[in-house]
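Worksheet for the structure shown next.
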Amino acid sequence: RIEIRANMQGEQTVRIAVSDTGPGIAETDKEKIFEKFRQADGSITRQSTGSGLGLAISKELAAMLAGSIGMESETDKGSTFWLDIPVVLSTDQNKNQAK
Numbered sequence: 001r002i003e004i005r006a007n008m009q010g011e012q013t014v015r016i017a018v019s020d021t022g023p024g025i026a027e028t029d030k031e032k033i034f035e036k037f038r039q040a041d042g043s044i045t046r047q048s049t050g051s052g053l054g055l056a057i058s059k060e061l062a063a064m065l066a067g068s069i070g071m072e073s074e075t076d077k078g079s080t081f082w083l084d085i086p087v088v089l090s091t092d093q094n095k096n097q098a099k
């Protein structure tokens, strides 16, 4: 099962979170999965494919947006990955004044 949520974290930050009920990620692997060419399971018999670049690229893109990326996970229960980015909310009145 996968769940996607978006909500405000205070007045100037939006959080987009994706949760799953997959195998989770061991505590010892949580930091390395954000490194280039690294995966939680680096063995030759791993079940997932990929080059280990997705989260590293996502982390760099988050930084370019002045945001951050993170995760929480529990082995055998699933993971939640989130992206926090700053936003500026405007009203229709502000949009009309800018014209």
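Residue 29 in the UniProt record's numbering is what sits at position 29 of the sequence shown, and the numbering runs on without skipping anything.
Where is the CB? At the ideal position from N, CA and C, for every residue including glycine.
What's the gap between the Cα of residue i and the Cα of residue j?
i           : j      : result
residue 102 : Lys-77 : Since the first residue of the chain shown is 1 and the last is 99, residue 102 is not available in this structure.
Ile-69      : Leu-55 : 9 Å
Ile-85      : Phe-34 : 18 Å
Leu-61      : Gly-67 : 8 Å
Leu-65      : Val-88 : 13 Å
Ala-6       : Gln-12 : 13 Å
Lys-32      : Leu-53 : 11 Å
Thr-80      : Arg-1  : 12 Å
On the DSSP bridge assignment, give the partners of residue i in chain order.
i      : result
Glu-3  : Ser-19
Leu-83 : Ile-16, Ile-69
Glu-74 : Gly-78
Met-64 : DSSP, once it has assigned bridges, lists no residue as partnering Met-64.
Looking only at its chain, what residues have a beta carbon closer than 7 Å to the beta carbon of residue i, apart from the 5 residues adjacent to it on each side?
i     : result
Glu-3 : Ser-19
Buried or exposed: residue i, going by 16 or more other Cβ atoms within 10 Å of its Cβ?
i      : result
Lys-36 : exposed
Gly-10 : exposed
Met-8  : exposed
Given residue i, which residues of its chain have a CB within under 8 Å of its CB, disregarding the five upstream and five downstream residues?
i      : result
Trp-82 : Arg-15, Ile-16, Ala-17, Val-18, Ile-69, Gly-70, Met-71
Can you list, in chain order, the residues of its chain with a C-beta nearer than 6 Å to that of residue i? Leave out the 5 residues immediately preceding and following it.
i      : result
Ser-58 : Ile-69
So, under 8 Å CB-CB, residue i and residue j are touching, yes? Tell me the CB distance rounded to an integer number of Å.
i      : j      : result
Thr-75 : Gly-22 : Not quite, the Cβ-Cβ distance comes to about 10 Å (not below 8 Å), so this is no contact.
Lys-30 : Ser-73 : 7 Å
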